[in-house]
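Worksheet: the structure to be examined is printed underneath.
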Amino acid sequence: MQRKVLVEKSLHSWINGGNWMRPVVLFVLLLTGCATGAGGPNDNSGLGNCAWRVCVRPINTNSGRAYQAINREPVPATIVLTFRSPGNLRLRAGRPIETVVPARSDTILVHMSDVLRDPSNSAGLSIAIDLGASTTEADADYLYAVPFGGERPRELIQGFDGTDSHLASMRYSLDFAMPQGTPILAARGGTVFYLQDGFTRGGTNPDLLERANLVAVAHRDGTMASYGHLRSGIRVSVGDTVRVGDVLGSSGATGFVGQPHLHFHVGKRMLGEPGRTIPIKLRGRDGRPLNLEVGSLFAPGREAG
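Numbering (my numbering) for the sequence shown: 15 to 319.
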């Protein structure tokens, strides 16, 4: 039973990359069109309510007060505004306003005059900030390269719908057993938008649930790959562009693990929903899709030249 509890808790922990797959919700109070209250996580820029390097702030425009999004991340962000003041809303109470903000850009999210019947009165507002775009469609036919290198085949020890830990939003995940130090390769080209590094311990102690090293890469179709449980010393930085086969780091056993392995999944934010993993296909050396059967051995991928 304890193992089950730990697994359920880990679904939304850094160990599986879940931190970037769930939105950070911030609550503010609109009063005569102005925001009050503390900022959110990583709010060290003075720009307002922030999560990661995405901020939402009130500004003055020629049309009156408005809310602006500032995205300093190398990937798009989805921002959902939900107003909660039935007597003072032009919109139905609770109806969200969802906007995708491109990477490294600023966007006006809403003008107060379009939302409030009387801008001089207050209205409650929640702001949900999530990395990734909900407006793009994942390429279901894309064949991902095998995400590890080396000289020997490695066993798939847990696949899709694995009862050990691949549950709920993490159901489409893959775990490959391998000795520590095996090269971890980009399975698809994209932009590194998140990483966690510096942890050295691993095991089944619940204190390790949020102490796994990982790299997350965003792809052009809005999907995002996570490579988890890596050894300390990741070889890429946030903002780097990677190609298929580029070395991201080496395998390890950091975080909540029973044995050294690579945890790999691809996630996608859905319209009106937080991110979740999606089914993918891996490409063999002959260019054909591989059978993702637990217990199978997979030949290593090729490092980029």
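All residues carry an ideal CB built from backbone N, CA and C; glycine is no exception.
| Item | Value |
| --- | --- |
| Sufficient close CB pairs (3 or more, under 8 angstroms) joining the segment 137-147 to the segment 260-270 | no |
| The segment 245-256 touching the segment 188-208, judged by at least three CB pairs closer than 8 angstroms | yes |
| Status (buried if at least 16 other CB within 10 Å, exposed otherwise) for Val129 | buried |
| Three-state secondary structure (DSSP) of Ala201 | coil |
| Classification of Val308 by the beta-carbon crowding that lies within 10 angstroms, buried from 16 upward | exposed |
| Stretch-stretch touch, CB-based, cutoff 8 angstroms, three pairs: the segment 109-125 with the segment 81-95 | yes |
| Cβ neighbours of His275 in the same chain (closer than 8 angstroms, five flanking residues each side left out) | Ile171, Asp189, Phe190, Ala191, Met192, His243, Ser265, Ala267 |
| Given Ala83 as reference, the closest of Val261, Arg104, Arg98, Thr113 once Cα atoms are compared | Thr113 |
| Per-residue DSSP class, three states only, for Ser183 | helix |
| Ordered list of beta strand (DSSP E) runs contained in the segment 230-292, each at least 3 residues | 238-244, 261-264, 275-283, 289-291 |
| Bridge partners - Pro72, DSSP secondary structure assignment | Tyr81 |
| Bridge partners - Leu306, DSSP secondary structure assignment | The partner list for Leu306 (beta bridge, DSSP) is empty, contrary to what the question assumes. |
| Status (buried if at least 16 other CB within 10 Å, exposed otherwise) for Ile73 | exposed |
| Classification of Ser310 by the beta-carbon crowding that lies within 10 angstroms, buried from 16 upward | exposed |
| Thr50, buried or exposed, once every other Cβ within 10 Å from all chains shown has been counted against 16 | Caution is warranted here: a pLDDT of 33 is assigned to Thr50, below 50, making its placement in the model unreliable, and no coordinate value can be reported. |
| Asn305 burial status per 10 Å Cβ neighbour count (16 or more: buried) | exposed |
| Cutoff 8 angstroms: Gly78 Cβ touching any chain C Cβ | No chain C appears in the structure shown, which is made up of a single protein chain. |
| Contacting residues, own chain, Cβ-Cβ under 6 angstroms from Thr149 (five flanking each side not counted) | Val114 |
| Residue span of the beta strand (DSSP E) that contains Val124, given as start and end | 119-125 |
| Given Ala232 as reference, the closest of Ala182, Arg283, Val70, Ser187 once Cα atoms are compared | Arg283 |
| DSSP three-state assignment for Ala52, whether helix, strand or coil | Model confidence at Ala52 stands at a pLDDT of 33, short of 50, so the residue's coordinates are unreliable; what they give is reported in the following sentence. Three-state DSSP puts Ala52 in coil, outside helix and strand. |
| Inter-residue Cα distance where the pair is Arg234 and Gly204 | 7 angstroms |
| Integer-rounded CB distance, given that Pro167 should sit under 8 angstroms from Phe312 | 6 angstroms |
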